[in-house]
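Notes follow once the structure below has been shown.
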Amino acid sequence: MELHKVTLPHRVDDSMAVWEEFKEVSIKYKCVSLGEGAPGMNPPQFLVDAMIESIQEGFNQYTRIMGNPLLVNKIAEIYGKKLNRQVNPLTEVIVGVGAYTLLGSIILALIDPSKNEEIVIFEPCWPCYYDHVQISNAVYRSVPFKLVDGVWRFDPEEFRKTLNEKTKILLLNNAQNPTGKLFSREEYQQISDILKEFPNIIILSDEVYEYLTFDDNEFIHFATIDDNFNKTISVFSGGKLFNATGWKVGWALGPSYLVKAIATIINALVYSTNTPAQVAISKSLDKLTQKGYLGNEDQTYLEYVRSEFQRVRDYMVKEINENMDLPIKALTCESGYFIMVDITDVIPMIPKKYTESHDFEDLQEGESSCNLNRVYMPDGRIPNDLAFCRWMAVERKVMMMPNSLFYYKDSLYKTDNYVRLAICKGLDLSAKAILRLQGKSDQ
1 MELHKVTLPH
11 RVDDSMAVWE
21 EFKEVSIKYK
31 CVSLGEGAPG
41 MNPPQFLVDA
51 MIESIQEGFN
61 QYTRIMGNPL
71 LVNKIAEIYG
81 KKLNRQVNPL
91 TEVIVGVGAY
101 TLLGSIILAL
111 IDPSKNEEIV
121 IFEPCWPCYY
131 DHVQISNAVY
141 RSVPFKLVDG
151 VWRFDPEEFR
161 KTLNEKTKIL
171 LLNNAQNPTG
181 KLFSREEYQQ
191 ISDILKEFPN
201 IIILSDEVYE
211 YLTFDDNEFI
221 HFATIDDNFN
231 KTISVFSGGK
241 LFNATGWKVG
251 WALGPSYLVK
261 AIATIINALV
271 YSTNTPAQVA
281 ISKSLDKLTQ
291 KGYLGNEDQT
301 YLEYVRSEFQ
311 RVRDYMVKEI
321 NENMDLPIKA
331 LTCESGYFIM
341 VDITDVIPMI
351 PKKYTESHDF
361 EDLQEGESSC
371 NLNRVYMPDG
381 RIPNDLAFCR
391 WMAVERKVMM
401 MPNSLFYYKD
411 SLYKTDNYVR
421 LAICKGLDLS
431 AKAILRLQGK
441 SDQ
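Take a look at the structure:
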């Protein structure tokens, strides 16, 4: 058999092209990247020291499938207080290779691919959710967020109409990526009340930004509303918590019958998660909330991170809204790594070469073009936000992400008048990006 004639199954759309374009364009045009949500600060020294110590102490081999005993016990202790219940560390906690792998494993564990079971997700949302839906052979259903008086909201009645007897999973993301929205207690109570009509729906709650709330906003765990712990899997990220996203350690909590099902998938896919990193995190979780970080007796590590991110957020929102030569408007996020920017008024100013063709580069003789993805709106045109991002990357050397990529490919609610900017890169890099966006510097 000739290899080039081998057929491969189509399990998931190739979304890599989208991300690869932005990496390639960013490198070629020497952009400051505000696209990817990778923090600009390193993890705390106490975590690094704990990692070295764990390796030297011999924690270098496979560990328990559901998580090293040191870590699951510490997670049960800490999150038991957050969730107002006693958590069994051996049956109600599971550790995985980052929140990303956990989310996919949970969906695989819960969806029966032969029954056309549905997953309901609020849009726009993190694109990996769509990949997980496709791999599991689930049916995707969405509920749109709409901007009302500067706040992202959903229509409870519209949400209610989306649910039916085939709905298997409601996927919540709090704080929400890309909008930076925090669900209020009132909104969660509305959702919980509606779900009482559908007692067999399982809630998958992605809560990786739980610690990163701004302006004294309250973070609510959905599992604490009514008796929802009994049908909720809550997912968390050690990488986000410690600014160590490359370590890829996450954990999930929920009732034992769900955790056991997830463990069978984890066992089949990865077997065991990074042992020394688990032990290091177990030694470091309590230090996140200890006073005295960086010599400030009134400051914890988490307070420091929160204040640094909020400082960047406030700076970027102010500069974009008050000191730009382009008519764009930044929205203030309530939590998370990102802000949204409204580009509605600048769309008529985007040069036609970006809006009418994917071949927008002015190439010199012998120069090759970037490997560009081909993305379209439902009406076949190039999304305005993608055109804007390409324009800013090439001509102002700042990379950002188009919001239209945060909708399912066939979504009825897809819009293209927002872009997403990261606020997690640190003030120096963010200030450099702002100067470029203002047309004041290309350095």
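For the sequence shown, counting from 1, position 126 maps to 126 in the UniProt record's numbering; every step adds exactly one. In this text, a Cβ means the ideal position worked out from N, Cα and C, and glycines have one as well.
Helix, strand or coil at ALA434 [DSSP, three-state]: The amino acid at residue 434 is misidentified as Ala; the sequence shows Ile. Looking at ILE434 - three-state DSSP - the assignment turns out to be helix.
DSSP-derived helix/strand/coil call for SER192: helix
SER282 in three-state terms, based on DSSP: helix
C-beta atoms of ASN230 and SER205 nearer than 8 Å: no
Reference GLN189; option with closest CA among THR167, ASN164, GLU118, ALA223: Comparing Cα-Cα distances from GLN189 to each of THR167, ASN164, GLU118, ALA223, the minimum goes to ALA223.
Beta-carbon proximity of VAL375 to THR101, cut-off 8 Å: Not in contact: VAL375 and THR101 (Cβ atoms no closer than 8 Å).
Reduced DSSP category for SER205 - H, G, I as helix; E, B as strand; rest coil: Strand, per DSSP.
Distance between PHE159 and PHE122 (C-alpha atoms, nearest Å): So the two alpha carbons sit approximately 9 Å from each other.
Contact the segment 149-156 vs the segment 42-52: 3+ CB pairs below 8 Å: no
Continuous beta strand (DSSP E) stretch holding PRO144: start and end: 139-144
N-terminal and C-terminal residue of the alpha helix (DSSP H) that GLU308 is part of: 301-322
Test item: CB-CB of ILE94 and MET66 under 8 Å: yes
Under 8 Å between C-beta atoms of LYS240 and VAL208: yes
Rounded separation between TYR29 and LEU429 - CA only: 16 Å
Residue from LYS329, THR273, TYR304 with nearest C-alpha to PRO69: Minimum Cα-Cα distance from PRO69 among the listed residues LYS329, THR273, TYR304 corresponds to THR273.
Euclidean distance between Cα positions of ASP359 and LYS353: Whole-angstrom Cα-Cα distance: 8 Å.
Inside the segment 198-272 only - alpha helix (DSSP H) runs reaching at least 4 residues: If we require 4 residues or more, the alpha helix (DSSP H) runs fully inside the segment 198-272 come out as 238-242, 256-269.
Completely contained beta strand (DSSP E) runs for the segment 335-403, where each covers 3 or more residues: 338-342
Counterpart residues of GLU77 in DSSP-defined beta bridges: DSSP lists no partner for GLU77.
As assigned by DSSP and simplified to three states, the class of SER54: helix
Enclosing beta strand (DSSP E) for LEU108 [first to last residue]: Run containing LEU108: none in the beta strand (DSSP E); it sits in the alpha helix (DSSP H), 98-110.
Exposed unless 16 or more other CB atoms sit within 10 angstroms - verdict on ILE265: buried
As assigned by DSSP and simplified to three states, the class of TYR407: coil
Three-state class that DSSP yields for residue 463 in the structure shown: Nothing can be reported for residue 463, as the shown portion of the chain is limited to 1 through 443.
Endpoints, the alpha helix (DSSP H) within which ILE135 is located: 128-136
Beta-carbon contacts of ALA87 that lie in its chain and below 7 Å, excluding the five residues immediately before and after: Position check: residue 87 holds Val in this sequence, whereas Ala was assumed. Result list for VAL87: ALA76, TYR79, GLY80, VAL93, LEU253, in chain order.
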